[in-house]
Amino acid sequence: GVTMYDAAYVALALLQDATLYTADENLLEKVSEFKRVRHVREFTL
73 GVTMYDAAYV
83 ALALLQDATL
93 YTADENLLEK
103 VSEFKRVRHV
113 REFTL
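If you read the sequence shown in the numbering used here, its first letter stands for residue 73, the second for the next number, and so on.
Written as structure tokens, this is what we have:
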């Protein structure tokens, strides 16, 4: 599973129709079905 904090951030991103960027490889692996959670390497300005 994921921590309560990680779950809250993912849920908030989904509820707000936002993208969550993270460097947490474990989190990315565990929530890979959510396309709105991406690695920080994918962030562009």
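Ideal Cβ positions, reconstructed from N, Cα and C, are used throughout, including at glycine.
In this structure, what does DSSP give as the bridge partners for Leu92?
-> Walking along the sequence shown from the start, residue 92 turns up at place 20. Its beta-bridge partners are Val109.
Where Thr84 falls: helix, strand or coil (DSSP) | Stepping through the sequence shown from its first residue, residue 84 is reached at position 12. With the sequence shown as reference, residue 84 is identified as Leu, and Thr is not the correct amino acid for it. Secondary structure of Leu84 (DSSP, three-state): helix.
Is DSSP giving Leu117 helix, strand or coil here?
-> Here residue 117 refers to the residue found at position 45 of the sequence shown. It is coil, neither helix nor strand.
Residue closest to Leu117, alpha-carbon to alpha-carbon, out of Tyr93, Glu97 and Glu101 = For the purposes of this step, residue 117 is taken as residue 45 along the sequence shown, with counting starting at 1. Out of Tyr93, Glu97 and Glu101, Tyr93 has the C-alpha closest to the C-alpha of Leu117.
Rounded to whole angstroms, what's the CA-CA distance from Leu86 to Ala95? Just pull it up for me.
-> On the sequence shown, position 14 is the one that residue 86 refers to. On the sequence shown, position 23 is the one that residue 95 refers to. Rounded to whole angstroms, Leu86 to Ala95 spans 18 angstroms at the Cα level.
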